[in-house]
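Read left to right, the sequence shown gives residues -19 to -1, 1 to 180 (mature numbering (1 follows the signal peptide of the UniProt record, and there is no 0)).
For every residue, glycine included, the Cβ atom is placed at its ideal position computed from N, Cα and C.
The structure appears below as structure tokens.
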Amino acid sequence: MRTSALLPALAAVTALVLAGCGSNDDTTTTAGNGAPETGSCPTAAPAADAKPDWTFTGSTGEIKVVAPTTTTAPGVTVQTPFAVAATKVETLTPGTGDQVITLEDMVSVCYVGVNGRDGKVFDSAYERGTPTPFPLTNVVSGFQKAIVGQKPGATVAVAMTPDDGYRPMGGQADAGILADDALIFVLQIKGIEQTDGSE
């Protein structure tokens, strides 16, 4: 069993969940209930005795997830090797406001990604301390399933199959992700940016 809080992440992994993202200088930030929160991602590890907010048994292995707080990053304990037959999304804390995230949105997210095969963190915005913006049309499908339909402020965990992760790309060698690896993400949606200029 391996516990992952904030292990060193790879230097170039900011774009790991992306499937070919290009910047869009015409994006506009929404106001009101969909406005991205300013601030940072907490970097402190959760308490060693923190109780899990979500426990999920896969087709092999098991994960226990401690949700992030305003002062601590999430924690993920993995009984390896962890695998799932179908992608599972768990809303740990629902978001608020009137806006619901769609596939056309860009979102600002604090997240940590853990490999189910070995329990290692391969990417963490929490380690960097800064939310990362993602256009949802250009992320892996498991990330889309975790975020689309949520509201800003939601905290979500997802255990994704290889098909919803990096199998379509043959894995991600730079991050140590094999094509058949199941992945776990714990994320907090900081806000929405509309890519079409709407509000």
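#### Entry: Straight-line gap, residue 182 to T58 (C-alpha atoms, nearest Å)
Since the first residue shown for the chain is -19 and the last is 180, residue 182 is missing from the structure and cannot be characterised.
### Query
Beta-carbon of D155 versus every beta-carbon of chain B: anything under 7 Å?
The displayed structure is made up of one protein chain only, and chain B is not part of it.
### Query
Can you name, in chain order, every residue of its own chain whose Cβ lies under 8 Å from the Cβ of residue 203, other than the five neighbours on each side?
Nothing can be reported for residue 203: it is not among the residues displayed for the chain, which extend from -19 to 180.
#### Entry: Neighbourhood of F63 by C-beta distance below 8 Å, restricted to the same chain and skipping five residues each side
Working through the sequence shown from its first residue, we reach residue 63 at position 82. In its chain, beyond the 5 residues on either side, G39, T41, G42, E43, I44, G97, R98, G100, A140, A163 and I165 have a beta carbon closer than 8 Å to the beta carbon of F63.
### Query
With a CB to CB cut of under 6 Å and the five nearest residues on each side skipped, what residues in its chain are close to S89?
Position 108 of the sequence shown, counted from the start, is the residue given in the question as residue 89. The answer, listed in chain order, is P17, P112, P114, K171 and G172.
### Message
Measuring straight from C-alpha to C-alpha, what distance separates K132 and P116?
### Response
Translated into the one-based positions of the sequence shown, residue 132 becomes position 151. Translated into the one-based positions of the sequence shown, residue 116 becomes position 135. Rounded to the nearest angstrom, the two C-alpha atoms are 15 Å apart.
### Query
Cβ of C22 within 7 Å of Cβ of A106?
Taking the sequence shown and counting its residues from 1, the one referred to as residue 22 is at position 41. Taking the sequence shown and counting its residues from 1, the one referred to as residue 106 is at position 125. Taking C-beta atoms as the reference points, C22 and A106 count as a pair closer than 7 Å.
### Query
In the DSSP assignment, what are the bridge partners of Q60?
Locating residue 60 in the sequence shown gives position 79, counting from the first residue. DSSP, once it has assigned bridges, lists E43 as partnering Q60.
### Task
Helix, strand or coil for E108, going by three-state DSSP, please let me know.
The residue labelled residue 108 in the question sits at position 127 within the sequence shown. In this structure, E108 counts as helix in the three-state DSSP scheme.
#### Entry: Where the alpha helix (DSSP H) containing K126 begins and where it ends
Taking the sequence shown and counting its residues from 1, one reaches residue 126 at position 145. Looking at the DSSP string, the run of the alpha helix (DSSP H) that includes K126 is S122 to I128.
### Proximity below 7 Å, CB of L73 to CB of T136
Counting from one through the sequence shown, the residue named residue 73 turns up at place 92. Counting from one through the sequence shown, the residue named residue 136 turns up at place 155. Yes, these two residues count as a Cβ contact at 7 Å.
### Query
Exposed or buried, which one is G151 when buried takes at least 16 other CB atoms within 10 Å?
Taking the first residue of the sequence shown as position 1, residue 151 is located at position 170. Per the 10 Å Cβ criterion, exposed.
### Query
Just reading off the beta strand (DSSP E) that K133 is part of, what are its end residues?
For the purposes of this step, residue 133 is taken as the residue at position 152 of the sequence shown. Lys is not the amino acid found at residue 133; the sequence shown has Pro there. Per DSSP, P133 belongs to no beta strand (DSSP E) and is neither H nor E.
### Query
For P55, does the three-state DSSP call read helix, strand or coil?
Your numbering for residue 55 matches position 74 in the sequence shown. Correct three-state label for P55: coil.
### Query
Between the C-alpha atoms of A48 and P143, what's the straight-line distance to the nearest angstrom?
Along the sequence shown, one-based indexing puts residue 48 at 67. Along the sequence shown, one-based indexing puts residue 143 at 162. In this model, A48 and P143 are separated by some 23 Å (Cα to Cα).
### Task
Determine the closest residue to K126 out of F103, R109 and G146, with distance taken between C-alpha atoms.
One-based indexing of the sequence shown puts residue 126 at position 145. When only C-alpha atoms are compared, the closest one is G146.
### Query
Any idea if G20 is buried or exposed, counting beta-carbon neighbours within 10 angstroms, 16 or more meaning buried?
Taking the first residue of the sequence shown as position 1, residue 20 is located at position 39. Under this definition G20 is an exposed residue.
### Task
Measure the alpha-carbon distance for C91 versus K69 and round it to whole angstroms.
For the purposes of this step, residue 91 is identified with residue 110 of the sequence shown, where counting begins at 1. For the purposes of this step, residue 69 is identified with residue 88 of the sequence shown, where counting begins at 1. Distance between the alpha carbons of C91 and K69 is about 19 Å.
### Task
Give me the Cβ distance between A54 and P27, rounded to the nearest whole Å; I'm assuming they're in contact under 8 Å.
For the purposes of this step, residue 54 is taken as the residue at position 73 of the sequence shown. For the purposes of this step, residue 27 is taken as the residue at position 46 of the sequence shown. At roughly 7 Å, the Cβ-Cβ gap stays under 8 Å, so A54 and P27 are in contact.
### Task
Would you list the residues sitting across from Q169 in a DSSP beta bridge?
In the sequence shown, residue 169 corresponds to position 188, counting from 1. The partner list for Q169 (beta bridge, DSSP) reads C91 and T136.
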